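All remarks here apply to the structure that follows.
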Amino acid sequence: MSATDPKAKLAHMAGQIADFFKSYPDDKAIPAIAEHINQFWGWRMREDFLAAFRDDPSALPPLVAAALGGIKGRRQDADLPA
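Under my numbering, read the sequence shown as residues 62 to 143, first letter to last.
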């Protein structure tokens with residue numbers, strides 16, 4: 062991972078979250094990963110992450126790729142104006 066590659070850094074960070082939840086059953090881990098990202102990553106970071114991986118999640122760990130649908134972008138956040 063290059064320190065100057067934001068896409069690789071986001072994938073690495075999401076992978077660390079997945080590592081924590083990998084001992085959970087998939088049906089618990091996948092929503093927990095999305096919930097963690099939604100709660101602790103800012104909307105810009107989530108938007109960058111979704112833009113980088115929504116169309117091609119192959120660089121992501123399988124649990125993170127499965128959690129993509131539960132990650133909210135800015136327009137999905139009820140507390141922010143569109």
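Glycine included, C-beta positions come from ideal geometry on N, C-alpha and C.
Note that this is a predicted model, so its numbers are computed, not measured.
Minimum C-alpha distance to residue i - residue among the options
i, options, result
"histidine 97", "Ala113, Gly76, Ala120", "Gly76"
Inter-residue Cα distance where the pair is residue i and residue j
i, j, result
"aspartate 111", "proline 86", "In the sequence on display, residue 111 carries leucine and not aspartate. Distance between the alpha carbons of leucine 111 and proline 86: 24 Å."
"phenylalanine 101", "leucine 121", "19 Å"
"glycine 66", "phenylalanine 81", "Reading the sequence as shown, one finds aspartate at residue 66 and not glycine. Rounded to the nearest angstrom, the two C-alpha atoms are 23 Å apart."
"lysine 83", "methionine 74", "14 Å"
"aspartate 117", "glycine 130", "13 Å"
"aspartate 88", "serine 119", "20 Å"
Residues near residue i in its chain [Cβ-Cβ closer than 7 Å; skip 5 each side]
i, result
"leucine 71", "Asp109, Phe110, Ala113"
"alanine 79", "Ile94, Pro122, Leu124, Val125"
"arginine 115", "Leu129"
Contact set for residue i: own chain, Cβ-Cβ below 6 Å, skip 5 residues either direction
i, result
"alanine 128", "Ile91, Ile94, Ala95"
Sequence-distant residues of the same chain with beta carbon closer than 8 Å to residue i, five excluded per side
i, result
"arginine 107", "Ile98, Asn99, Ile132, Lys133, Gly134, Arg135"
"arginine 105", "Arg135"
Residue i: first and last residue of the uninterrupted alpha helix (DSSP H) it sits in
i, result
"arginine 135", "That residue, arginine 135, is in no alpha helix (DSSP H); it is neither H nor E in DSSP."
"alanine 95", "87-101"
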